[in-house]
Amino acid sequence: MDFSSTYTCRWSGRSFATRVGLRHVESPQVATRSAPATIVFDGVCLLCNGWVKFLLRRDRRGRYRFAAMQGQAGRALLQQHGLDPDDPLSFLLVDGTGAWTDSDAIVRVLAGLGGVWRLFAVLRVVPRGLRDIGYRLIARNRYRWFGRTEHCMLPTPEQRARFLD
């Protein structure tokens, strides 16, 4: 199910969503707000591995954990949120407010890094359909343009605790 919301608020026992144009994937099990967010990424995609390395260098607060979609945890999270792990055209962000895909996930991750990266939150004013056209173009061509590897990235011993598989 597709919702356009950022936050789910509780008021008088009812749940309602504020509309700000972000794609929300129905999430039957959502971590608490204080728990680290989990990013499910394509572990054999060189662009995706570069994205994870970028985040590891800049996420000093340890806000994000990672799961390759080729691993057990990554596959399970994708399936749990209605995404096909055998057709990985998107990565998945699961945080304390829900689950996010495509350009919505990118914007949320960058804004979540804090500091100057919060400025990327301004991209939320661009209609999701337009942002997702660019996202899908890159996603469909990522192997051709950036390459792929036969093996998932091996994290350093310091980074290992941030990976689910």
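Numbering-wise (the working numbering), the sequence shown opens with residue 18 and increments by one. Positions of the beta carbon are idealized from the N, C-alpha and C atoms, including for glycine. Bear in mind that the values here come from a model prediction, so they are computed numbers and not experimental data.
The beta carbons of Asp-182 and Gly-79 sit about 18 Å from each other, so the pair does not count as a contact at 8 Å. The Cβ-Cβ distance between Ala-93 and Cys-169 does not fall below 8 Å. For the 8 Å CB-CB criterion, Leu-100 and Arg-159 do not form a contact.
Inter-residue distance for Leu-147 and Pro-172 is about 34 Å (C-alpha atoms, whole angstroms). According to the DSSP assignment, Leu-110 belongs to the beta strand (DSSP E) that extends over 109–112. Excluding five sequence positions before and after Leu-127, the CB atoms of its chain that fall closer than 7 Å to its own CB belong to Trp-134, Phe-137, given in chain order.
By the Cβ neighbour-count rule, Val-139 is exposed, with fewer than 16 other Cβ atoms within 10 Å of its own. Arg-145 and Thr-118 have their C-alpha atoms roughly 11 Å apart.
Per DSSP, the continuous alpha helix (DSSP H) segment holding Gly-67 begins and ends at 63–75. Gly-115: member of the beta strand (DSSP E) spanning 115–118, first to last residue.
Considered as a whole, the stretch 119–168 harbours 119–129, 145–163 as its complete alpha helix (DSSP H) runs of no fewer than 4 residues, in chain order. Closest in alpha carbon position to Gln-176, among Leu-130, Arg-77, Ala-52, Gly-131, is Arg-77. The secondary-structure analysis by DSSP pairs Ala-90 with nothing; it has no beta-bridge partner.
When beta bridges are read from the DSSP output, Thr-55 appears opposite Arg-82, Val-111. Cβ-Cβ distances below 7 Å link Ala-156 to Leu-106, Ser-107 in the same chain, with the five nearest sequence neighbours on each side left out; the list follows chain order.
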